[in-house]
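Working notes, beginning with the structure itself.
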Amino acid sequence: MFSALRDMFRLPDLKSRILFVLGVLLVFRLGAHIPTPGVDAKAMASLFEQGGVLSLFDLFAGGALRRFSIFALGVTPYINASIVMQLLAVVVPAIEKMQKEGEEGRRKIVQYTRVSTILFAGIQAVGMVLWLRSMGIIYVGGISIVVAIVTLIAGSIAVMWMGEMISDHGIGNGISLLIFAGIVARIPEAIMRTFTLLRTGEMNFLTLIIAIAIMIVVIAGCILLQEGQRRLPVQYAKRVVGTRVYGGQSTFIPLRVNSAGVIPIIFASSVLLFPTTVARFFSAGFAQTIARIFSPSSPIYMILYVLLIIFFTYFYTAVVFNPVDVANNLKKYGGFIPGIRPGRPTADYIERVLSRVTLGGAVFLAGIALLPSLLTQMLGITTFYFGGTAVLIVVGVALETVQQIEAQLLMRHYEGIMKRRNKAGGILRL
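Every number in this note's numbering is 15 more than the matching position in the sequence shown, counting from 1.
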């Protein structure tokens, strides 16, 4: 492990990429602490103590929204724009055609995503600033409002630019690494608060040991969920062209257990947190009823949370994976699944297997999302929160980044980070 880490900095190209990523992340974290002009920081902090959908957005902003810094919107506008572009690719033939045009089509989609990000940033900045002004958090004044809106939009564009720079000149996906940095940045503070409670006797040491063991199990479950696949065997027929024989290879179609990633948890959390946030604009009695029904500890909330995660897992998997296209491509290049006829029967078989695999992944995803919250409440730990969204993001980004670094090392004939790696490691058989 240590020799592999040493080799990472022996390669000039890989070393420069890693240092570039660290430098951009440092700028991102510095920007998360620069306040937006005209905002009452204390009133903003008290607002987040009430919970709501803003807490979810603050997770992706790395605490910048709680401070209402220049990067308060974080990567949320870019995520919204990316999701909208993916959904439009399913219903708009022109965008679907762009995806099949190769590099040129990809550049057009990236450009549309950038424009959409600016549009979403403008809408969110205006709505948030006007809402905070109505609550007295932003100081009254036309200039202050305009400055705050422009600052938030510019900060969102800067975050998008930093994410793209990391993707182009660094290691891993830039936007994912920015979210990763925002989540991980909270860990030192949580550790210090935990040890303070241990020192003062407000927390039991045995409770902390149990919580750490649970975290290890949850992280292991997230790794299995992220890396799990169901491999469908594929055989290609032999073709004779002149004096040469082509084809005859055996390969497989990897059906991921969790094709949707963390998107179902994000969507489900947003849907369930939205009613509580809106209810605050109405009478106190009505707001208390809604808050009680949609409290994370409420059985109704938990049931709806699980059902929505399963629903969005199926929905997003259907968006990103089309069994008909896979079956047609297999038939076009002479491939077939043993025992299954090419064409429509192959598509039906893939869809049937994918449905079973997705169900297992959706239930597992719902369990990982729900279990940490339940155990945190049972153990009474309030200094840190290892919810499903944060853990899945951290584990997923860490695995992806390590795999890319290992690929760079192996390509240059160095030993990978994960030594003695099982050839079939990380495959979850269903």
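We treat Cβ as the ideally placed atom computed from N, Cα and C, and that holds for glycine.
Since the structure is predicted, the reported quantities are computational estimates derived from the model, not experimental observations.
task = Would you mind stating whether I352 and V249 have Cβ atoms separated by less than 8 Å?
result = The count along the sequence shown starts at 1 and reaches residue 352 at position 337. The count along the sequence shown starts at 1 and reaches residue 249 at position 234. In this structure, the beta-carbon distance from I352 to V249 falls below 8 Å.
query = Around the C-beta of V341, are 16 or more other C-beta atoms found within 10 angstroms, so that it is buried, or is it exposed?
reply = As a position in the sequence shown, residue 341 is number 326, starting the count at 1. Buried is the call here.
ask   = Among all the DSSP beta bridges, which residues are the ones paired with Q250?
value = The residue you call residue 250 lines up with position 235 of the sequence shown. Answer by DSSP bridge pairing, in chain order: S265 and F351.
request  = Would you kindly work out how many angstroms separate the C-alpha atoms of L37 and G78, rounded to a whole number?
outcome  = Along the sequence shown, one-based indexing puts residue 37 at 22. Along the sequence shown, one-based indexing puts residue 78 at 63. Between the C-alpha atoms of L37 and G78 there is a straight-line separation of about 19 Å.
task = Would you list the residues sitting across from L270 in a DSSP beta bridge?
result = Along the sequence shown, read from residue 1 onward, the residue named residue 270 stands at position 255. The bridge partners DSSP lists for L270 are R245.
key: Rounded distance between the beta-carbons of I190 and L74, thought under 8 Å   = If you number the sequence shown from 1, residue 74 lands on position 59. If you number the sequence shown from 1, residue 190 lands on position 175. No, L74 and I190 are not in contact; Cβ-Cβ is about 14 Å, not under 8 Å.
query = So, are the CB atoms of P50 and S159 less than 8 Å apart?
reply = On the sequence shown, position 35 is the one that residue 50 refers to. On the sequence shown, position 144 is the one that residue 159 refers to. S159 is positioned such that its CB atom lies no closer than 8 Å to that of P50.
message = For S131 and L212, I'd like the C-alpha separation in whole angstroms.
response = On the sequence shown, position 116 is the one that residue 131 refers to. On the sequence shown, position 197 is the one that residue 212 refers to. Near 45 Å, if we compare the C-alpha coordinates of L212 and S131.
inquiry  = For the pair the region 363 to 380 and the region 261 to 278, tell me if three or more CB-CB distances fall below 8 Å.
reply    = In short, these stretches touch, since the Cβ pair count reaches three.
request  = Could you pull out every residue in the same chain whose Cβ sits closer than 6 Å to the Cβ of K30, ignoring the five residues on either side in sequence?
outcome  = Within the sequence shown, residue 30 is the residue found at index 15, counting from 1. For K30, the CB contacts under 6 Å within the same chain, skipping 5 residues up- and downstream, are F24 in chain order.
ask   = Short check: CB of L221 to CB of L40, under 8 Å?
value = Taking the sequence shown and counting its residues from 1, the one referred to as residue 221 is at position 206. Taking the sequence shown and counting its residues from 1, the one referred to as residue 40 is at position 25. Contact check for L221 against L40 fails: the beta carbons are separated by 8 Å or more.
key: Same chain, Cβ closer than 7 Å to G358, five either side skipped, listed in chain order   = Within the sequence shown, numbered from 1, the residue matching residue 358 stands at position 343. Once the five neighbours on either side are set aside, the close Cβ partners of G358 are A342 and K346.
query = For I181, which residues of its own chain have a beta-carbon under 6 Å away from its beta-carbon, when the five flanking residues on both sides are left out?
reply = Counted from its first residue, the sequence shown places residue 181 at position 166. Excluding residues up to 5 positions away in sequence, V36, V39, G189 and L192 lie with their Cβ nearer than 6 Å to the Cβ of I181 in the same chain.
ask   = When burial is assigned at 16 or more other CB atoms within 10 Å of the CB, is T89 buried or exposed?
value = Translated into positions along the sequence shown, residue 89 becomes position 74. A small correction: the amino acid at residue 89 is Gly; Thr does not occupy that position in the sequence shown. G89 counts as buried, since no fewer than 16 other beta carbons sit within 10 angstroms of its beta carbon.
query = Buried or exposed: where does V144 fall if 16 or more other Cβ atoms within 10 Å of its Cβ makes it buried?
reply = Here residue 144 refers to the residue found at position 129 of the sequence shown. V144 should be labelled buried.
ask   = For the 8 Å Cβ check, are there 3 or more pairs between the region 109 to 122 and the region 232 to 241?
value = In short, these stretches do not touch, since the Cβ pair count stays below three.
ask   = For the putative contact between Y326 and I278, defined by C-beta atoms under 8 Å, what is the C-beta separation to the nearest angstrom?
value = By one-based count along the sequence shown, residue 326 stands at place 311. By one-based count along the sequence shown, residue 278 stands at place 263. Checking the sequence shown, residue 326 turns out to be Phe, not Tyr. With a Cβ gap of about 12 Å, F326 and I278 do not count as contacting.
inquiry  = Report the start-end ranges of each alpha helix (DSSP H) in the region 167 to 206 that is 4 residues or longer and not cut off at the edges.
reply    = Here the runs fully enclosed are 189 to 199.
ask   = Which class does I94 belong to by DSSP, given the choice of helix, strand or coil?
value = Start at 1 with the first residue of the sequence shown, and residue 94 comes out as number 79. I94: helix per DSSP, three-state reduction.
key: Runs of alpha helix (DSSP H) wholly within the region 117 to 171 (minimum 4 residues, chain order)   = 118 to 149, all fully within the region 117 to 171.
message = The alpha helix (DSSP H) that contains T332, what's its start and end?
response = Stepping through the sequence shown from its first residue, residue 332 is reached at position 317. Element bounds for T332: P314 to V335.
request  = Under 8 Å by Cβ, that's how I've got G120 and L240 pegged, so tell me the actual separation to the nearest angstrom.
outcome  = As a first step, residue 120 is located in the sequence shown; it is residue number 105 there, counting from the start. As a first step, residue 240 is located in the sequence shown; it is residue number 225 there, counting from the start. A Cβ-Cβ separation of about 31 Å leaves G120 out of contact with L240 under the 8 Å criterion.
query = What did DSSP end up calling S310 once you bin it into helix, strand or coil?
reply = In the sequence shown, counting from the first residue as 1, residue 310 sits at position 295. Coil at S310, not helix or strand.
Backbone CA spacing between I194 and A173 [nearest angstrom] = Here residue 194 refers to the residue found at position 179 of the sequence shown. Here residue 173 refers to the residue found at position 158 of the sequence shown. Whole-angstrom Cα-Cα distance: 14 Å.
M230 to I164 span [Cα, whole Å] = To locate residue 230, count along the sequence shown from 1; it is residue 215. To locate residue 164, count along the sequence shown from 1; it is residue 149. Distance between the alpha carbons of M230 and I164 is about 39 Å.
inquiry  = Could you compute how far the alpha carbon of E179 sits from the alpha carbon of T128?
reply    = Stepping through the sequence shown from its first residue, residue 179 is reached at position 164. Stepping through the sequence shown from its first residue, residue 128 is reached at position 113. A direct Cα-Cα distance of roughly 12 Å separates E179 from T128.
ask   = Under a three-way DSSP split, which group does P279 fall into?
value = As a working note, residue 279 is residue 264 in the sequence shown. It is helical.
Sheet register partners of V54 (DSSP bridge) = Sequence index remark: in the sequence shown, residue 54 carries index 39 (1-based). As computed with DSSP, V54 is found in a beta bridge with I153.
ask   = Can the beta-carbon of I82 be found closer than 8 Å to that of A58?
value = The residue given as residue 82 occupies position 67 in the sequence shown. The residue given as residue 58 occupies position 43 in the sequence shown. Note on identity: in this sequence residue 82 is Arg, with Ile being the wrong assignment. Note that the C-beta distance between R82 and A58 is not below 8 Å.
request  = On the DSSP bridge assignment, give the partners of S84 in chain order.
outcome  = By one-based count along the sequence shown, residue 84 stands at place 69. DSSP output for S84 lists P50 as bridge partner(s).
message = One question on the structure: do S97 and A136 come within less than 8 Å of each other, judged by their Cβ atoms?
response = Mapped onto the sequence shown, residue 97 falls at position 82. Mapped onto the sequence shown, residue 136 falls at position 121. Note that the C-beta distance between S97 and A136 is not below 8 Å.
request  = Determine the direct distance from the alpha carbon of P290 to that of Q303, and round the result to whole angstroms.
outcome  = Working through the sequence shown from its first residue, we reach residue 303 at position 288. Working through the sequence shown from its first residue, we reach residue 290 at position 275. Q303 and P290: Cα-Cα distance of roughly 11 Å.
ask   = For the candidate residues D183, I33 and E366, whose alpha-carbon lies nearest to that of L247?
value = Translated into the one-based positions of the sequence shown, residue 247 becomes position 232. Answer by Cα proximity: E366.
ask   = Would you report the Cα separation of R32 and P92, rounded to the nearest angstrom?
value = If you number the sequence shown from 1, residue 32 lands on position 17. If you number the sequence shown from 1, residue 92 lands on position 77. In a straight line, the C-alpha of R32 is about 26 Å away from that of P92.
task = Evaluate I383 with the Cβ neighbour count: other Cβ atoms within 10 Å of its Cβ, from every protein chain shown; 16 or more gives buried, anything less gives exposed.
result = Walking along the sequence shown from the start, residue 383 turns up at place 368. It is buried - the Cβ of I383 has at least 16 other Cβ atoms within 10 Å.
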